[in-house]
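Below: one structure, written as structure tokens.
Residue numbers (our numbering), protein chains in the order written: chain A, 1 to 207; chain B, 1 to 131.
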């Protein structure tokens, strides 16, 4: 990734905020109606903490993660917060990311989310978007694609993952109380994960 | 004395549980609420919980009681934040209801129990029948 972690997180924040109502509406259907509000509040706080002088990718991700842990309020706070912090740990001191670094970022973020949420694929969570995206990213990279090409594949896989969440029963989080009634609804967390990945891709392509 | 942190999505619940539990051990120190977000809205805040753990600890460790949903995840994240900072606090999360657990934990802590004893006291509160 060319430098510009501040600009990249700015775009993620912009997209999350633009989709606040969609995320809240999805969460109203199977959760506690706060995902969009919580995520928008969290990213607003992140943008208040960051400045364009934040160029160390690791330190910036860590700062963003600490803020999400503190300001989001719902389950997405510790989940995304830990994902950003773990990604920050492996990118400390870097101002650019190679595609290989990006692969490691995916893996660290997933490990962080799993450590915190103790979920696996197929439980109607953000992992159902992120894990297939990570796999597709690595595969396309192995096939010779560049960063942008591999991120295209990742976003396509994330979108399919979000669609897949409509077909399964939630077993984690508030939606698990609904049992079979959660079928037919797409998972809000998987949706915000897809929006995040698309923002990262668009940032890379726009450079 | 072992410290106790009460984590809730609501600051009113966290403070109320502390008020109630404090009646069992007048003058107890190290019983700290960590409820809601900084601006008073509903939710859990790992940094706020980490600060409460530091405040509750007198060197003997801390037992954390947490309510629903993200409270446990935020409490776990708080413990990791303190570990990352290099602080050595023996902080553990009780698998217990917060009201009953807090009352039992406070009694055990006030009696000089260890972290393990306070944790057990909190967790044994699950077994108490109400009817």
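All C-beta atoms in this analysis are idealised placements derived from N, C-alpha and C, irrespective of residue type, glycine included.
Where residue i falls, given that 16 or more other Cβ within 10 Å makes a residue buried
i, result
"residue 181(A)", "exposed"
"residue 206(A)", "exposed"
"residue 186(A)", "buried"
"residue 8(B)", "buried"
"residue 23(B)", "exposed"
"residue 60(A)", "buried"
"residue 129(B)", "exposed"
"residue 19(B)", "exposed"
"residue 71(A)", "buried"
"residue 152(A)", "buried"
"residue 9(A)", "buried"
"residue 6(B)", "buried"
"residue 37(B)", "buried"
"residue 118(A)", "exposed"
Heavy atom of the ligand PLP within 8 Å of residue i beta-carbon
i, result
"residue 203(A)", "Ligands displayed in this structure: none; no statement on the ligand PLP is therefore possible."
Within-9 Å CB hit, residue i to chain B
i, result
"residue 71(A)", "yes"
"residue 28(A)", "no"
"residue 75(A)", "yes"
"residue 210(A)", "Because residue 210(A) is not part of the residues shown, which for chain A are 1 to 207, the question remains open."
"residue 208(A)", "Here chain A comprises residues numbered 1 to 207, so residue 208(A) is not present and cannot be evaluated."
"residue 78(A)", "yes"
"residue 66(A)", "yes"
"residue 82(A)", "yes"
"residue 36(A)", "no"
"residue 189(A)", "no"
"residue 179(A)", "no"
"residue 117(A)", "yes"
"residue 173(A)", "yes"
Residue i versus the options, residue with shortest Cα-Cα distance
i, options, result
"residue 201(B)", "63(B), 79(B), 86(B), 80(B)", "This structure does not reach residue 201(B), given that chain B is present from 1 up to 131, and the question cannot be answered."
"residue 26(A)", "200(A), 202(A), 192(A), 199(A)", "192(A)"
"residue 175(A)", "93(A), 163(A), 189(A), 164(A)", "189(A)"
"residue 95(B)", "116(B), 36(B), 111(B), 82(B)", "116(B)"
"residue 21(B)", "43(B), 113(B), 127(B), 109(B)", "109(B)"
"residue 131(A)", "118(A), 142(A), 158(A), 116(A)", "158(A)"
"residue 14(B)", "1(B), 67(B), 51(B)", "67(B)"
"residue 59(B)", "114(B), 45(B), 10(B)", "114(B)"
"residue 106(A)", "124(A), 117(A), 129(A)", "129(A)"
"residue 88(A)", "11(A), 110(A), 170(A)", "110(A)"
"residue 38(A)", "56(A), 67(A), 139(A), 50(A)", "67(A)"
"residue 160(A)", "149(A), 127(A), 143(A)", "127(A)"
Interface flag, residue i vs chain A, CB-CB below 9 Å
i, result
"residue 81(B)", "yes"
"residue 48(B)", "yes"
"residue 45(B)", "yes"
"residue 38(B)", "yes"
"residue 127(B)", "no"
"residue 69(B)", "yes"
"residue 21(B)", "no"
"residue 105(B)", "no"
"residue 77(B)", "yes"
"residue 74(B)", "yes"
"residue 41(B)", "yes"
Identified DSSP bridge partners for residue i
i, result
"residue 52(A)", "Its beta-bridge partners do not exist; DSSP assigns none."
"residue 188(A)", "DSSP output for residue 188(A) lists no bridge partner at all."
"residue 66(B)", "7(B)"
Scan the stretch 71-141 of chain A and note each continuous beta strand (DSSP E) run of 3 residues or more that stays entirely inside, going in chain order. none
Where are the alpha helix (DSSP H) runs, 4 residues long or more, that stay fully inside the stretch 28-102 of chain B, in chain order? 46-56, 70-84
List in chain order: all unbroken alpha helix (DSSP H) runs of 4+ residues lying wholly within the stretch 104-131 of chain B. 115-124
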